[in-house]
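See below for the structure under consideration.
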Amino acid sequence: MKRTNVILLIVIAVLLLVPLLLPVADHLDEPFSGADGQAEAAIVETHPDYQPWFESFWEPPSGEIESLLFSLQAALGAGLLGYYFGLRRGQAEGRAQESPRVDQ
Amino acid sequence: MHIMEGFLPPAHAAAWTAAAVPFVVAGSRSIARILKENPQAKLLLATSGAFAFVLSALKLPSVTGSCSHPTGTGLGAVLFGPSVMAVAGAIVLLFQALLLAHGGITTLGANVFSMAIVGPWIAYGVFRGIRGLRGSLAVAVFFAAMLGDLATYVTTSVQIALAFPDPASGFTGALLKFTSIFAFTQIPLAIIEGLLTVIIINLLSQYSRSELVGLRFIPGEAK
Chain A
0 MKRTNVILLI VIAVLLLVPL LLPVADHLDE PFSGADGQAE AAIVETHPDY
50 QPWFESFWEP PSGEIESLLF SLQAALGAGL LGYYFGLRRG QAEGRAQESP
100 RVDQ
Chain B
0 MHIMEGFLPP AHAAAWTAAA VPFVVAGSRS IARILKENPQ AKLLLATSGA
50 FAFVLSALKL PSVTGSCSHP TGTGLGAVLF GPSVMAVAGA IVLLFQALLL
100 AHGGITTLGA NVFSMAIVGP WIAYGVFRGI RGLRGSLAVA VFFAAMLGDL
150 ATYVTTSVQI ALAFPDPASG FTGALLKFTS IFAFTQIPLA IIEGLLTVII
200 INLLSQYSRS ELVGLRFIPG EAK
């Protein structure tokens with residue numbers, strides 16, 4: 000199981016590296032821009048008269064603050080995932096240590 | 000898949016919100032029922048939500064030369080059923096709308112519909128279908144998470160194409176355009192999400208077997 004997971008992680012790493020290493024974005028004005036922003040631009044292109052009728056209450060004042068909040072989101076999730084698997088692994092090992100004593 | 004704040008006309012925004020609300024209400028009831036029947040599932044339920052929290056924060060590069068993020072909603076959908084992810088996904092999207100200006104309040108209904116409803120239901124349907132055909136657990140989980148992720152982005156493309164049909168080629172032309180922006184970019188990312196979800200299920204099978212049996216996710220005798 001452990002080996003399968005390591006292989007899967009390597010495949011994931013390759014899938015992430017391929018677009019970065021191959022010249023897939025060289026012809027673009029903005030390489031690796033977000034798809035959400037591209038869609039917004041495409042809407043404005045065909046519907047230049049469309050006025051967004053609502054604005055965000057608050058926007059991160061800079062790219063740094065935005066990346067801070069995205070990191071926070073990922074860290075909160077990753078922290079809980081790590082807690083869960085650490086707890087369950089410890090419990091599984093605790094059970095494994097207890098059971099031989101029962102046999103004796 | 001985030002439709003930006005104000006970027007759906009009011010009628011569309013209202014219609015998608017109306018479509019999403021019943022699923023979120025049903026989802027919160029479903030969570031209450033699961034926790035009543037199976038109180039020790041609380042931590043795994045939170046962990047499934049956390050998985051969506053992590054994955055939707057990671058904007059990954061794709062072979063199309065643009066970036067997008069996976070959704071992470073397939074895991075919870077196959078473990079707990081699709082309903083619960085309507086709530087978890089709505090929490091993620093609300094966080095991003097309020098703190099990150101990603102998506103928005105007016106487009107929350109549409110974004111919840113694509114990421115927290117269509118994605119999980121497709122994932123759940125694919126999982127049940129493949130398991131019904133006696134496919135292996137890993138294969139079922141992979142295709143469930145991958146196709147759920149992809150379905151979310153196809154839904155977003157449909158939502159935008161309905162609101163902004165191409166002046167020349169109409170809805171179909173707009174759908175093709177937005178699909179090429181969202182769905183093609185998403186293919187490698189959906190594969191990554193499928194593989195990551197398999198890794199999590201592998202870890203759960205190793206360390207939380209009795210929990211998975213308790214959820215009737217895998218057959219066996221509950222301890």
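Sequence lines, in order, name chains A and B. Numbering of the first sequence is given in numbering that gives the first Met the number 0, commencing with residue 0 and proceeding in unit increments. Numbering of the second sequence is given in numbering that gives the first Met the number 0, commencing with residue 0 and proceeding in unit increments. Cβ coordinates follow ideal geometry from the N, Cα and C atoms, glycine included.
Proximity below 8 Å, CB of Gly-26 of chain B to CB of Val-83 of chain B | yes
At 7 Å on the CB atoms, spell out the chain B contacts of Leu-68 of chain A, in chain order.
-> In chain order: Leu-98 and Leu-99.
Where the alpha helix (DSSP H) containing Ser-156 of chain B begins and where it ends = That run of the alpha helix (DSSP H) goes 136–162.
State yes or no: is the beta carbon of Val-53 of chain B nearer than 8 Å to at least one beta carbon in chain A?
-> yes
Ordered list of alpha helix (DSSP H) runs contained in the region 61–116 of chain B, each at least 4 residues = Those alpha helix (DSSP H) runs which fall completely within the region 61–116 of chain B and span 4+ residues are 72–79, 82–98 and 107–110.
Within the 8 Å Cβ cut-off, does Leu-20 of chain A reach chain B?
-> no
Alpha carbon of Ala-19 of chain B to alpha carbon of Thr-105 of chain B, nearest angstrom = Near 13 Å, if we compare the C-alpha coordinates of Thr-105 of chain B and Ala-19 of chain B.
Nearest neighbour of Leu-107 of chain B, chosen from B:Leu-211, B:Leu-214 and B:Glu-4 [CA to CA] | The candidate whose alpha carbon is nearest that of Leu-107 of chain B is B:Glu-4.
Using the C-alpha atoms, what's the distance from Ala-41 of chain A back to Pro-51 of chain A?
-> Between Pro-51 of chain A and Ala-41 of chain A, the C-alpha separation is close to 14 Å.
Partner residues on chain A for Gln-39 of chain B, Cβ-Cβ distance less than 9 Å | The premise fails here: Gln-39 of chain B is roughly 11 Å from chain A at the closest Cβ pair, so nothing lies under 9 Å.
Are the C-beta of Met-84 of chain B and some C-beta of chain A separated by less than 8 Å?
-> no
Nearest residue (CA-CA) to Asp-165 of chain B, options A:Glu-44, A:Val-5, A:Leu-68 and A:Leu-27 = Per the Cα distances, A:Glu-44.
Test item: CB-CB of Ala-189 of chain B and Met-145 of chain B under 8 Å = yes
Would you give the residue range spanned by the alpha helix (DSSP H) that Val-23 of chain A belongs to?
-> Neither: Val-23 of chain A is in no alpha helix (DSSP H) and is coded neither H nor E.
In the region 165–195 of chain B, which residues sit with their C-beta less than 7 Å from some C-beta in chain A, listed in chain order?
-> Asp-165, Pro-166, Lys-176, Phe-177, Ile-180, Phe-181, Thr-184, Pro-187, Ile-190, Ile-191, Leu-194 and Leu-195
May I have the straight-line CA-CA distance separating Gln-103 of chain A from Ala-95 of chain A, to the nearest angstrom?
-> The pLDDT assigned to Gln-103 of chain A is 46, lower than 50, so where the model puts this residue is not dependable; a value taken from the coordinates is nonetheless given after this. The alpha-carbon atoms of Gln-103 of chain A and Ala-95 of chain A are separated by roughly 14 Å.
Along the alpha helix (DSSP H) that carries Asn-201 of chain B, what are the first and last residues, could you check?
-> 169–206
Kindly indicate which residue of B:Ala-87, B:Val-153 and B:Arg-215 has the alpha-carbon position closest to the one of Ala-34 of chain A.
-> Nearest of B:Ala-87, B:Val-153 and B:Arg-215 to Ala-34 of chain A, Cα basis: B:Val-153.
Would you say Ile-200 of chain B and Val-140 of chain B are within 8 Å of each other, going by their C-beta atoms?
-> Contact: yes.
Same chain, Cβ closer than 7 Å to Ala-211 of chain B, five either side skipped, listed in chain order = One detail in the question is off: residue 211 of chain B reads as Leu in this sequence, not Ala. Around Leu-211 of chain B, the same chain offers Leu-203, Ser-204 and Ile-217 as residues with beta carbons nearer than 7 Å, after the five sequence neighbours per side are excluded.
Taking only beta-carbon atoms, is Gly-103 of chain B less than 8 Å away from chain A?
-> Contact with chain A is found for Gly-103 of chain B, since one of that chain's Cβ atoms lies less than 8 Å from the residue's Cβ.
Taking the alpha-carbon positions, what's the Ser-179 of chain B to Ala-49 of chain B distance?
-> 29 Å
DSSP state of Asp-35 of chain A, grouped into three classes?
-> helix
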